[in-house]
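Those sequence lines, one after another, are chains A and B.
The letter at position 483 of the first sequence is residue 483 when you use our numbering, and the numbering goes up by one with no holes.
The letter at position 127 of the second sequence is residue 127 when you use our numbering, and the numbering goes up by one with no holes.
Note that CB positions come from ideal geometry on N, CA and C, so glycine has one too.
All remarks here apply to the structure that follows.
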Amino acid sequence: MTTPENFPGEPDASAELARKFGLADDEWERVLSTLSRKPSYAELGVISVMWSEHCSYKSSRVHLSRLPTEGPQVVQGPGENAGAVDIGDGFCAVFKMESHNHPSYIEPYQGAATGVGGILRDVFTMGARPVASLNSLRFGRPDHPKTPHLLKGVVAGIGGYGNCIGVPTVGGEVQFDASYDGNILVNAFTVGIAKTDELFFGRAEGIGNPIIYVGAKTGRDGIHGATMASAEFGEETDSKLPTVQVGDPFMEKLLLEACLEIFATGCLSGVQDMGAAGLTSSSVEMAARAGNGIELDLDAIPRRTRALSPYEMLLSESQERMLMVAKRGREHEVFDICAKWDLDVSIVGRVTSSGRFVCKATPGHDPFDDAPTEPDPVVVVDLPVDLLTDCAPKYDRPQEARPDAATLVTLTDDAPGNLGAEMLRLIGSPNIGSRSWIWRQYDHIVGDGTVVRPGDGDAAVIRVFCQDTDGTQEKFLAISADCNARHVELDPFLGAAMAVAECTRNVVCVGAKPLGLTDCLNFGNPEVPEQMWRFARAIDGLATACTALGAPVVSGNVSFYNETDGKSILPTPTVAVVGQLEDPAHRLGLGFLNEGDVIAHLGRPSRGVLGGSEWLVQTMGSITGAPVGIDLDAEAALQQAMLELAQRQLVRSAHDISDGGIAMCVAEACIANGHGARISLPAGGDAPAHALLFSEEPSRIVVSLPSGNVDEALLLCERLGVPFETLGEVAADTLAIEGVCDVAVEELAHAHAGALDAIVRD
Amino acid sequence: MRVAVVQFPGSNADWDALHAVRDVLGADAWYAFHKEISLGGADAVVIPGGFSYGDYLRAGAIARFSPIVSAVRGFAERGGPILGICNGFQVLTEMGLLPGALTRNAHLRFECRDIFVRVENDGPFTDMGQGQVLQLPVAHADGRYQCSPETLRQLHANNQVAFRYCTRHGDAPEGSPANPNGAVDDIAGVYNRDKNVLGMMPHPERASEAILGNDDGLSLFQSLRRHLGAQ
């Protein structure tokens, strides 16, 4: 075997260079002992990205195995490019969520845009046509000088990509908190539809099969992006600009259409998009899944810039590129379809039986030269595939519980005087008010499928067209993304469980049964024991809630090192749930619809616990109080009752109680369609009114229903052991809460609509 | 009724148009790929929304060099009905089949929401009656209709203005938000002089079914069917 060579001008690998590439000293030692030689420069690049936290999940793998991933509806669990759940009649919903936090902070438009591009590719790589996207965003405090620029850039970037490729962005969530001042979060979710027996997988099957590169040419953008995503930010962050990728949604649209057409021919045995760590991770992961090797001829890589070195080609994160494994003899089918869509295509290697990742390139060869040198390739990389995957480092990092700082804050004495004014202030604040400034910049209706639009329901409802030879069937999915990180901060286990509960509850509130969940776990530095403890506890919370609420985890993503100068973000385990409606007639909006309808409260009434609530954060200026906790048995019963109420069409609207408590829940239900309400608060012991109004205790839903349905709804809830209490009725044009306030809905709506004005005003 | 839906690279509301015309209205409809040179005997053509050629250079500017475009031009010259929606409107102005141009929205943001338009003049796609108010969605970044004062005068003189943005009750919008993009004279859609070619920024094909919350847009396609049936 020839020893892989450096290209002219490349320095020899050394401990110092390895550190620069993000390897720890003991990891460098491990490379030396495993290889029994020094790696080449390109090999060191390959190892360092594959062993990065982003690609190897080295700090999280030991914990992720605790998540429940099975269920009769699960078609594909974690480990592939995306997960999939059965939606009947031979079709499945394919979905995943991913973070693009670090690039979005450095360059918000391109960072967010390529985040959307990446998650879209993960879904259509599986053979699914993307049908809808969501996003979950976190920004620093509203008055931080960078927040307007970051918010505007991220929203424009998400819209710029999704609107162009024509996949509707139908919902999401956003929260502002000082902990994200130096490290915003951009989590992007996409769901697509595929025929279950025509799913595609990232496997390099079939010895001798050609490896085909399709899509955009390779440039120098994004080199070492995966390593950047595996380190904290510091003062030199601005100098990382060249590691941000640049997206081209038009190219991706062509790639999407060409891929789906190529898949349909059956000429491929495997496919994977080139995402983080580009050509390296796509080929290595495909080889690993199939237990094979891959040999690449780097001279054949389509490129858009001069003098690319093997290191640069292997690590470039240029966007909109796919790596396909064709069945030998059927390459021309790929070439024909790429010609139709005007896409670059090139055979760049083949599947081998060696179990090794081998790359060859000719020193000094540049296709852009007037008279390029004859290819005379040398070996630049020759590494065992398993060194880069299964044998990558795996750490069970030390954990240390956070000192229990949370104490019950008694607020009776500082109860606000004018609760009506308090409600107006809260409904108009950035964390509660209308997000219409954001979702109006997203094409949320392209595709003729958006049945419940952003802001109209607790989850988005989309109609999907399932096409096969027998014709087209319409099916209806509900999707939501949620996480209230403040509750996770107060108690990682309970807070993570609450995120799952809120997300499944939102899906149930629009009349759908949850089928599966994807997560995007955003945390601080895993090498800090307290951060690792938060992560591990959150995993346990997710696992417990997913099991209790029947939502297996089918895909996910971990983003560590969300810190700047040692200051961590709030632990933010974002989850997104896909559910299905039996019948579109079961769908529910959040707004009151009919004057005279009865307003009722489902679930155990609040005890007035304010811990972690938006109101308390605004009042105290910090995240404090006792965790509100969650009873998952009660939550499961509540969701079952809500689902049955929707399916039997007994209620006209449903809105869960979350941020801002019952006060904001009812106010939003009034604002949605401009109806007033006359209610009293559910009986809540001797807690003061403001605590009952603004508590964010989970497992509660406010519904409205015709008075003639109340008896049947009550019986249904009693059968399931779910408290049902009538609060009042839809009436007039004010929100009148007995003994608390009487506020004009128009005033509430005005405040609600302007909630982001202070941040986004041009 | 046989309808060709033109598919440029980057068209993305092609499905929306096909679905509305074929599945909802019940017409015979198909995609005409931009590399084709024939419209396959269509009675009408829809140029759908999207970002043809990425909208690079200028929205709709590159699409007019596609092979299919000469067939579309010939079809227009023979008096065939053509509906350009959103990016299709932009393509038609770039082709010179419609007067004026679409520029960046006045507020410079992409805008997606329901608006109201008032039917201003009768035509193949607008036989529903002058003054009729339709609720339709818009979804565009470059939808601000602009033209010279002389062109505007001619548009009105020849009854070429098809739709103008208005309030829910059909009143003049008096600026944003009823006029979502700052279009001159609140113009949302225009016919050519012969009134067989219509370009419009709002999306009737995305508001053609009750399940989408609104089927006002279907009336344009029903008008087209009546128009073709009467020929």
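Exposure label - residue i; buried when at least 16 CB within 10 Å
{"i": "residue 238(A)", "result": "Any reading at residue 238(A) needs caution, since the residue's pLDDT is 49, under 50, leaving its predicted position unreliable; the model's value is listed next. Residue 238(A) is exposed by the Cβ-count criterion."}
{"i": "residue 641(A)", "result": "buried"}
{"i": "residue 65(B)", "result": "exposed"}
{"i": "residue 332(A)", "result": "exposed"}
{"i": "residue 57(B)", "result": "exposed"}
{"i": "residue 41(B)", "result": "exposed"}
{"i": "residue 38(B)", "result": "exposed"}
{"i": "residue 392(A)", "result": "buried"}
{"i": "residue 157(A)", "result": "buried"}
Per-residue DSSP class, three states only, for residue i
{"i": "residue 66(B)", "result": "coil"}
{"i": "residue 110(A)", "result": "helix"}
{"i": "residue 195(B)", "result": "coil"}
{"i": "residue 238(A)", "result": "With a pLDDT of only 49 at residue 238(A), under the threshold of 50, the placement of this residue in the model should not be trusted; the figure read from the coordinates follows. Helix."}
{"i": "residue 441(A)", "result": "coil"}
{"i": "residue 93(B)", "result": "helix"}
{"i": "residue 97(A)", "result": "strand"}
{"i": "residue 341(A)", "result": "coil"}
{"i": "residue 161(A)", "result": "helix"}
{"i": "residue 118(A)", "result": "helix"}
{"i": "residue 584(A)", "result": "helix"}
{"i": "residue 422(A)", "result": "helix"}
{"i": "residue 152(A)", "result": "helix"}
{"i": "residue 504(A)", "result": "helix"}
{"i": "residue 665(A)", "result": "helix"}
{"i": "residue 673(A)", "result": "helix"}
Beta-carbon spacing of residue i, residue j below 9 Å
{"i": "residue 630(A)", "j": "residue 538(A)", "result": "no"}
{"i": "residue 602(A)", "j": "residue 701(A)", "result": "yes"}
{"i": "residue 296(A)", "j": "residue 358(A)", "result": "yes"}
{"i": "residue 161(B)", "j": "residue 84(B)", "result": "no"}
{"i": "residue 697(A)", "j": "residue 591(A)", "result": "no"}
{"i": "residue 245(A)", "j": "residue 317(A)", "result": "yes"}
{"i": "residue 181(A)", "j": "residue 144(A)", "result": "yes"}
{"i": "residue 141(B)", "j": "residue 49(B)", "result": "no"}
{"i": "residue 129(A)", "j": "residue 268(A)", "result": "no"}
{"i": "residue 96(A)", "j": "residue 123(A)", "result": "yes"}
{"i": "residue 665(A)", "j": "residue 735(A)", "result": "no"}
{"i": "residue 728(A)", "j": "residue 662(A)", "result": "no"}
{"i": "residue 132(A)", "j": "residue 94(A)", "result": "no"}
{"i": "residue 542(A)", "j": "residue 497(A)", "result": "yes"}
Contact list for residue i against chain A, beta-carbon separation under 7 Å
{"i": "residue 51(B)", "result": "164 and 250"}
{"i": "residue 137(B)", "result": "445"}
Chain B contact residues for residue i, given Cβ-Cβ distances below 7 Å
{"i": "residue 447(A)", "result": "15 and 16"}
{"i": "residue 444(A)", "result": "112"}
{"i": "residue 584(A)", "result": "211"}
Partners in chain A for residue i, counting only beta-carbon separations shorter than 8 Å
{"i": "residue 19(B)", "result": "448 and 465"}
{"i": "residue 111(B)", "result": "440 and 441"}
{"i": "residue 218(B)", "result": "Simply none; closest approach about 12 Å."}
Neighbour flag for residue i against chain D, beta carbons, 9 Å
{"i": "residue 96(B)", "result": "Here the protein chains are A and B, and chain D is not one of them."}
Pick from the options that is closest to residue i, judged by C-alpha positions
{"i": "residue 404(A)", "options": "73(A), 490(A), 188(A) and 436(A)", "result": "490(A)"}
{"i": "residue 655(A)", "options": "17(A), 587(A), 712(A) and 124(A)", "result": "587(A)"}
{"i": "residue 67(B)", "options": "16(B), 18(B), 89(B) and 7(B)", "result": "7(B)"}
{"i": "residue 251(A)", "options": "9(B), 169(B) and 152(B)", "result": "9(B)"}
{"i": "residue 430(A)", "options": "24(A), 139(A), 284(A) and 322(A)", "result": "139(A)"}
{"i": "residue 813(A)", "options": "38(B), 40(B) and 210(B)", "result": "Residue 813(A) lies beyond the stretch modelled for chain A, which goes from 1 to 762, so this question has no answer here."}
{"i": "residue 599(A)", "options": "2(A), 704(A) and 680(A)", "result": "704(A)"}
{"i": "residue 293(A)", "options": "674(A), 384(A) and 281(A)", "result": "384(A)"}
Partners in chain B for residue i, counting only beta-carbon separations shorter than 8 Å
{"i": "residue 342(A)", "result": "9"}
{"i": "residue 159(A)", "result": "110"}
Where residue i meets chain A, residues with beta-carbon distance less than 9 Å
{"i": "residue 206(B)", "result": "445, 446, 447, 448 and 450"}
{"i": "residue 239(B)", "result": "Since the first residue shown for chain B is 1 and the last is 231, residue 239(B) is missing from the structure and cannot be characterised."}
Amino acids of chain B, ordered along the chain, whose beta-carbon sits closer than 9 Å to that of residue i
{"i": "residue 693(A)", "result": "Near residue 693(A) there are no residues of chain B at all, since even the closest Cβ is about 31 Å away, more than 9 Å."}
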